[in-house]
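Protein chains: 2
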Amino acid sequence: MPKRNAFYAQSGGVTAVVNATACAVIETARKHRNRIGKVYAGRNGIIGALTEDLIDTSKESAAAVSALKHTPAGAFGSARYKLASLDKDRAQYERLIEVFRAHDIGYFLYNGGNDSADTCLKVSQLSQHLGYPLVAVHVPKTVDNDLAVTDCCPGFGSVAKYVATSMREAAFDVASMAKTSTRVFVLEVMGRHAGWITAAVGLADDAETPIPLLLLFPEITFDEAKFLAALDEKVKRFGYCCVGVSEGLRNAEGKFLSEAGTTDAFGHAQLGGVGPLIASLVKERLKHKYHWAVADYLQRAARHIASKTDLDQAYAVGKSAVELALAGKNAVMPAIVRLSDKPYRWKIGVAPLDKVANVEKRLPREYITADGFGITAKARAYLSPLLRGEAFPPFRDGLPRYVRLKNVSVPRKLATEFTP
Amino acid sequence: MPKRNAFYAQSGGVTAVVNATACAVIETARKHRNRIGKVYAGRNGIIGALTEDLIDTSKESAAAVSALKHTPAGAFGSARYKLASLDKDRAQYERLIEVFRAHDIGYFLYNGGNDSADTCLKVSQLSQHLGYPLVAVHVPKTVDNDLAVTDCCPGFGSVAKYVATSMREAAFDVASMAKTSTRVFVLEVMGRHAGWITAAVGLADDAETPIPLLLLFPEITFDEAKFLAALDEKVKRFGYCCVGVSEGLRNAEGKFLSEAGTTDAFGHAQLGGVGPLIASLVKERLKHKYHWAVADYLQRAARHIASKTDLDQAYAVGKSAVELALAGKNAVMPAIVRLSDKPYRWKIGVAPLDKVANVEKRLPREYITADGFGITAKARAYLSPLLRGEAFPPFRDGLPRYVRLKNVSVPRKLATEFTP
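Those protein sequences? They're chains A and B, same order as listed.
Residue numbering for the first sequence is 1 to 420, as defined by our numbering.
Residue numbering for the second sequence is 1001 to 1420, as defined by our numbering.
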């Protein structure tokens, strides 16, 4: 087999451990120097491929690449950019092939969520449609944990650990203040359509550390009267109550309770603000003193409290993706397969990409308690292993040390410019 | 000297390490069993003293008391409750003495901030005015870092570590997204009148990890046009910009930019929401895509990322408070004295309480850069040592294990009830 180069890109919202996947891709490729020439990363994701703005990862030292394992976010830049169908957007696909041909890219490794899986699937069909030999492998990554087939998604375990830890800590705070001050604490978390992160907030409350807690899932239509009654009951009984609310909470008309009024590049509404909205509702109707927090990027970038399990899985999918590519497996995605809950055991399997692309895995109803405000034992059994293990980054002068790569550009070979 | 009991109470907003102070008070008192009978804690702070709702800390095991060192918030409950002057509120003070006499309290250890120092000072005068022998010692605690005399305040170093870490992580996230999505990230932090926490956000940016960052201090009047110009310049130059904004940011009329419309028990306006306000300003005026976070209680309860230096100092002031009380030092506060910046060395000194009560230590102007948006080398030299060292709590199943005490009530001795 001829030696060819690999293209790797990060897509969509970043996570605390997506760079661990990048690390695995580069480290594994370096172990197969006889088969893979260089790993070129797209600067700002797929945009880098379209504009021939490639990063030569071979310029990075082994130490710098290894430091990606403890560095959050996307080391090469990510992008919110979705390619339309081959029919609709043929010019973009042809440009991709033009760039890949110029740089002898034989392997396309795309690290993202649902939308990216769809893009990767389309690219995987190019080999056939446009006659350019290319193996496309999708590498799972999303804090939303909403990819199909895979048992969980790298990035989720760490955000789960962050939100559960944060809610537990805040609950201790509120409990201290409740006698004369704050009685209700609201934490808004990410998860536009799927309530996985909201469910993870529920782990803050357990047998050893019970916490009066209500969860507002995007899967459950918000019922104001029912929520206020449940909340008031908890405050009366325990003196305080905590609320974990999804940014994607919807009303009976199916509308998001709070919309920032802007949309992202994919046309998704950009949310934020349902936390303060719920808090002010509590104040108006129940007159309880409240505090609210919106964790936003802090939750998905929180490498300092990453899950070791999540980190290991993020690395494993990166390694597997390179191996699958070398084995010529086109249009697949390494998936995490759960072998058992107790003890938690997992392995890497292979998912056909057409079963993953554009499918959203919502939180099953059986993971939500009958009243709609909590998580079941089944949810706990699923979620709990994903948070396990600590993997603190190195610290200097009291702060985590995160690496910035040199990100040296690959010399351009094409005369043509392209504006995506 | 006769053996007498000690009363300990937590007051005001809690911190990640105030329980380490409680631990020190109890452990140190247990080492002086010949002089101190029991440590009674006020359930919900001073309210517990007024209502004769005392907690017998002798019922807690050594292991449980030790676990307070890694448990955030107030283990006995705190209170936002300020006593007026002796003239105005004589009944409350007489009630305190009545309760203290009934339980043979000889030592009053009050763990709080500015308002609490004032209460403690008043209590210290009771011995003379009401003829009851009592030694009152204030123990410093506030995330706001605004107490006079002491070089810093236990609780601050940990919140500083949290906000600097969080901003650094979020900056990596924004940098990844900036090409096609978020260009401005706003983090709102605590600090109603003093910009110490805002200044700590500035540590996210350093020589090894430069970050385009603007800080909005409560000490600097908000100048919208100047801010927007500075922000736009950073975005144009670096592709993105982060903003750390104090909840107490004020406009030219001296008014808080955002008020929740409610006030706490001390009559302070309860703030929150200046973060989203700044973000929407950026969107309207500059059209940049933005994200914002409000850390709220997460920042002050974040024991998982506490500063070891802060933890050590929180313990040291608790230990010293008991020793000062035993030495009969009335109306004082153990203070942290900085001996040198490099290497950072400190010791515990003694502050007269009348120099501390109701005095607010603002961020010096020389700690803020000339343009008003950053911190100086002097600020870094002061702040940096306070964040140093990690002191992770124990984890189980991926989450920190925090202790809840039994909090057994001391049998009441008084027939009279009292409603504060």
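For glycine and all other residues, C-beta sits at the position ideal for the given N, C-alpha and C.
Being a predicted model, the structure only gives us computed values, none of them experimental.
Asked: For Met1167/B, which beta-bridge partners are listed by DSSP?; Found: None; Met1167/B has no bridge partner.
Asked: Considering only the alpha carbon of each residue, which of Pro154/A, Val243/A, Thr165/A, Val350/A lies closest to Ala22/A?; Found: Pro154/A
Asked: What is the DSSP secondary structure of Gly113/A, reduced to helix, strand or coil?; Found: coil
Asked: Assign Gly267/A to buried or exposed, taking buried as 16 or more other Cβ atoms, counted over all protein chains shown, within 10 Å of its Cβ.; Found: Here Gly267/A scores only 48 on pLDDT, less than 50, and its place in the model is too uncertain to base an answer on.
Asked: Whole angstroms are fine: how far does the CA of Val1294/B sit from the CA of Leu1271/B?; Found: Low confidence applies to Leu1271/B: its pLDDT is 44, below 50, so where it sits in the model is not reliable, and the reading given next is rough at best. When rounded, the distance between both Cα atoms is 11 Å.
Asked: If I follow the unbroken alpha helix (DSSP H) through Tyr1297/B, where does it start and stop?; Found: 1297 to 1301
Asked: Using a Cβ-Cβ distance cut-off of 8 Å, determine whether Val137/A contacts chain B.; Found: no
Asked: Assuming contact is defined by CB atoms lying nearer than 8 Å, are Ser127/A and Leu134/A in contact in what I supplied?; Found: yes
Asked: Under 7 Å from any heavy atom of the ligand PLP, does the C-beta of Asp397/A make it?; Found: Questions concerning the ligand PLP fall outside what the structure shown contains, since it holds no ligand whatsoever.
Asked: Of the residues that make up the region 1296 to 1320 of chain B, which ones have a beta carbon closer than 8 Å to any beta carbon in chain A?; Found: Asp1296, Tyr1297, Leu1298, Arg1300, Ala1301, Ala1302, Arg1303, His1304, Ile1305, Ser1307, Thr1309
Asked: Nearest chain B C-beta to Met190/A closer than 8 Å, yes or no?; Found: no
Asked: Would you say the region 1071 to 1089 of chain B touches the region 168 to 178 of chain A, given that touching needs at least three Cβ pairs under 8 Å?; Found: yes
Asked: With a CB to CB cut of under 7 Å and the five nearest residues on each side skipped, what residues in its chain are close to Val1149/B?; Found: Ala1335, Ala1351, Lys1355, Val1356
Asked: If you drop the 5 nearest sequence neighbours on each side, which residues of the same chain put their C-beta closer than 6 Å to that of Pro1400/B?; Found: His1304, Pro1393
Asked: Tell me whether Asp232/A sits in a helix, a strand or coil according to DSSP, three-state version.; Found: helix
Asked: Nearest by alpha-carbon distance to Ala229/A: which of Glu219/A, Ile220/A, Leu214/A, Pro218/A is it?; Found: Leu214/A
Asked: Look up Val356/A in the DSSP assignment and say whether it is helix, strand or coil.; Found: coil
Asked: Less than 8 Å separating the beta-carbons of Gly318/A and Val139/A?; Found: yes
Asked: Ignore the nearest five residues each way along the sequence and tell me which others in Gln1092/B's own chain have a CB closer than 8 Å to its CB.; Found: Leu1050, Leu1083, Ala1084, Pro1420
Asked: For chain B, find out if any of its Cβ atoms is closer than 8 Å to the Cβ of His32/A; answer yes or no.; Found: no
Asked: In chain A, what lies closer than 8 Å to Asp1115/B by C-beta?; Found: Near Asp1115/B there are no residues of chain A at all, since even the closest Cβ is about 12 Å away, more than 8 Å.
Asked: When DSSP labels each residue in this structure, what does Ser1011/B get in the three-state scheme?; Found: coil
Asked: Which residue or residues does DSSP assign as beta-bridge partners of Arg1250/B?; Found: Phe1256/B
Asked: Measuring straight from C-alpha to C-alpha, what distance separates Glu390/A and Phe1395/B?; Found: 8 Å
Asked: Which residues of the region 397 to 416 of chain A have a Cβ closer than 8 Å to any Cβ of chain B? Give them in chain order.; Found: Asp397, Gly398, Leu399, Pro400, Arg401, Tyr402, Arg404
Asked: Using a C-beta cutoff of 8 Å, does Val14/A count as contacting chain B?; Found: yes
Asked: What does Ala1148/B pair with, by DSSP beta-bridge criteria?; Found: In the DSSP output, where bridge partners are listed per residue, Ala1148/B has none listed.
Asked: Could you check where the beta strand (DSSP E) with Ile36/A kicks off and where it finishes?; Found: 36 to 42
Asked: With H, G and I counted as helix, E and B as strand and the rest as coil, what does DSSP make of Gly1106/B?; Found: strand
Asked: Does DSSP put Lys1019/B in a helix, in a strand, or in coil?; Found: According to the sequence shown, residue 1019/B is Asn rather than Lys. It is helical.
Asked: Using the C-alpha atoms, what's the distance from Ala1381/B back to Ala1204/B?; Found: 14 Å
Asked: Closest by CA to Ala1016/B, which one among Lys1161/B, Val1123/B, His1103/B?; Found: Lys1161/B
Asked: Roughly how many whole angstroms lie between the Cα atoms of Tyr1107/B and Tyr297/A?; Found: 46 Å
Asked: Nearest chain B C-beta to Thr180/A closer than 8 Å, yes or no?; Found: yes
Asked: Could you spell out where the alpha helix (DSSP H) holding His421/A opens and where it closes?; Found: Summary: the structure shown does not reach residue 421/A, with chain A confined to residues 1 through 420, and so no result is reported for it.
Asked: For Tyr402/A and Ala306/A, what's the separation of their Cα atoms in angstroms?; Found: 14 Å
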